[in-house]
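Novice: After the structure tokens below, expect a handful of questions from me.
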Amino acid sequence: AGDSATLKRAVAVAQHHDAVSGTEKQNVVYDYAKRLAGGWDKCQVLVANALSILTGTKQNFAFCNNLNISVCPQTESLSAFTVTVYNPLGRPVSSVVRLPVNGSVYSVSDARGQTVPNQVVAVSAVTRRVRNGRGYAVNELVFEASVPAVGFTTFTVSRQQPSTGAPGPSDQTPS
Amino acid sequence: DQTPSIQNKHIRVRFDPVTGLISGIDNLEKNLSLPVTHNFYWYTGSKGDYRSGQTSGAYIFRPVEGKPYPMAANASIYKVQTAMFEEIHQNFSSWCSQVVRLHRNQRMVELEWTVGPIPLADSRGKEIISRFDTPLKTDGLFYTDSNGREILQRRRDYRPTWHFNQTEPVAGNYYPVNTRIFIRDGKFQLSVLTDRSQGGSSIEDGSLELMVHRRLIFDDGRGVGEALNEPGEDGKGLVVRGKHLLFLDTPSASGQLHRLAAEQQYMAPLVVVAGGTGAAYRTS
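In structure tokens:
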């Protein structure tokens, strides 16, 4: 069962002035972080349940919590997956999605089955270094998502076999 | 390239071919061109001096020098160019790098910085800033937000409600930046959105800086009882990565730009992944 109360409590605790300004002891930092992570864990279940109801399907939704360092075990290991993008704003937005992947050619289609232009680029050397051994994605899949107001849209991603002679991920040779 | 640059139909960012640093930003729609030099710098955290025994710590920002040290004179760069985006990767040192990115349809420049682990081998605490220098005549004024709501005008070495005697020329001019900071003159406005609360200031006219990371070796004696020196998982110190979104426009047009973008930062789209290709979607 998902709930938002755990996160609500964690955020309430983190309203202490030490948490807001970062003037707490290191042990307390760890405690705040643990509470917030536990709250977000429960919220993820809540969001997954809500999406299941809204989409009328039951899926094991996964949240990529380490996208900033190009780590997402699901997108790295699966050859086919769906990406649901939810927009909480009251106006349509266009957002760029970057997902860590291990293939070099992907096909992305939107909810109407239309092909969405995408690009696969190599993960930068700095990102590989800061991952510190976590995650093995060598590339990032990039595409633009147009999402309706206070709503969501879904993309289907499939890994393709690179055709002979086709260009691979964009080269990052220093110039 | 003779003059490395990245651009889309809205914005162009130019880089100095010798130093690899950002050298200018052009708003192609409005035909605005502003020389902008960007670099990372660091202040040395104070361990107390003859004026005061106050050290830099979790509560206190008290740099030794009035002017920070540049992270590097040059950044090594390389460019990644695709149909959807262009980016230039800048490497300033073994612990400081940045990706300057322009997506095809975006009106802002995305600066994704990675800083740390901050080395302490020289026994000096360091407070790292990202600084933009422009020729804008800002007359000591800059602007920061108040918790993402009202924008407040800040004036260097001045407080609106009392006669202020400035004793800390850098720290005394730092203000909270929860979502944005900007400088402007009659023609240009340079706005920076943050992805987290940071400290920021404009220490000289036309300059704008944000503190992105800090690691210190003394307790500041204000109650926390320990130095701000988290070694991290590997004992070398924390690495932080974040984003700054940069806008160059006229003062009259900038408000709409940075308010909408900040809203989208705060309520960013949520990406959820599921295995398989069954479209999780009903037209209703």
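Quick mapping for you: the protein sequence lines, in order, are chains A and B.
Our numbering applies: residue 1 is where the first sequence begins, and numbers increase by one.
Our numbering applies: residue 1001 is where the second sequence begins, and numbers increase by one.
C-beta: ideal position from N, C-alpha, C; glycine also.
So, for B:Gly1066: in the same chain, excluding its five sequence neighbours on each side, which residues have a beta-carbon less than 7 Å away from its beta-carbon?
Specialist: Excluding sequence neighbours, B:Gly1066 sits near Pro1169, Val1170.
Novice: How would you label A:Ile53, buried or exposed, when you count the other beta carbons within 10 angstroms and need 16 or more for buried?
Specialist: So A:Ile53 ends up on the exposed side.
Novice: For the beta strand (DSSP E) containing B:Ala1274, name the first residue and the last one.
Specialist: Residues 1270-1275.
Novice: Does A:Gly22 come within less than 8 Å of chain B when only Cβ atoms are used?
Specialist: Yes, A:Gly22 lies at the interface with chain B (some Cβ there is under 8 Å from its Cβ).
Novice: Output the distance between the C-alpha atoms of A:Ala80 and A:Trp40, rounded to the nearest integer angstrom.
Specialist: In a straight line, the C-alpha of A:Ala80 is about 26 Å away from that of A:Trp40.
Novice: Give the residues of chain A in contact with B:Ser1097, contact being defined as C-beta atoms less than 7 Å apart.
Specialist: Going along chain A in sequence order, the residues near B:Ser1097 (Cβ under 7 Å) are Val126.
Novice: Give the secondary structure of A:Leu78 by DSSP, where H, G and I count as helix, E and B as strand, and everything else as coil.
Specialist: Coil, per DSSP.
Novice: Since B:Gln1198 sits in a beta bridge, which residues does DSSP pair it with?
Specialist: DSSP, once it has assigned bridges, lists B:Val1177 as partnering B:Gln1198.
Novice: Would you say the beta carbon of B:Ser1130 is closer than 7 Å to some non-hydrogen atom of the ligand GTP?
Specialist: Ligands in the displayed structure: none, and consequently the ligand GTP is not present.
Novice: Using the C-alpha atoms, what's the distance from A:Leu36 back to A:Ala10?
Specialist: Answer to the nearest angstrom: the Cα atoms are 5 Å apart.
Novice: Do you know whose CA, among B:Tyr1158, B:Tyr1174, B:Gly1225, B:Ile1025, lies nearest B:Gly1200's CA?
Specialist: When only C-alpha atoms are compared, the closest one is B:Tyr1174.
Novice: List the residues of chain B whose Cβ lies closer than 9 Å to the Cβ of A:Tyr86, in chain order.
Specialist: The answer, in chain order, is Pro1269, Leu1270, Val1271, Val1272.
Novice: CA-CA distance, A:Val47 and B:Ala1274?
Specialist: C-alpha separation (whole angstroms): 13 Å.
Novice: Roughly how many angstroms separate the alpha carbons of B:Arg1107 and B:His1089, rounded to a whole number?
Specialist: The alpha-carbon atoms of B:Arg1107 and B:His1089 are separated by roughly 19 Å.
Novice: Looking at A:Asn102: is its Cβ nearer than 8 Å to the Cβ of A:Val123?
Specialist: Taking 8 Å as the Cβ cut-off, A:Asn102 and A:Val123 do not qualify as a contacting pair.
Novice: Evaluate A:Arg91 with the Cβ neighbour count: other Cβ atoms within 10 Å of its Cβ, from every protein chain shown; 16 or more gives buried, anything less gives exposed.
Specialist: Exposed, by the Cβ-count rule.
Novice: Could you tell me if B:Gln1002 is buried or exposed, where buried requires 16 or more neighbouring beta carbons within 10 angstroms of its beta carbon?
Specialist: Exposed: under 16 other Cβ atoms inside 10 Å.
Novice: So, B:Glu1086 versus B:Gln1007, is the Cβ gap smaller than 8 Å?
Specialist: In this structure, B:Gln1007 lies closer than 8 Å to B:Glu1086 by Cβ.
Novice: Roughly how many angstroms separate the alpha carbons of B:Thr1128 and B:Asp1195, rounded to a whole number?
Specialist: A quick correction: the sequence has Ile, not Thr, at residue 1128 of chain B. Computed Cα separation, rounded: 16 Å.
Novice: DSSP three-state call for B:Lys1243: helix, strand or coil?
Specialist: In the structure shown, B:Lys1243 sits in a strand (DSSP, three-state: E or B).
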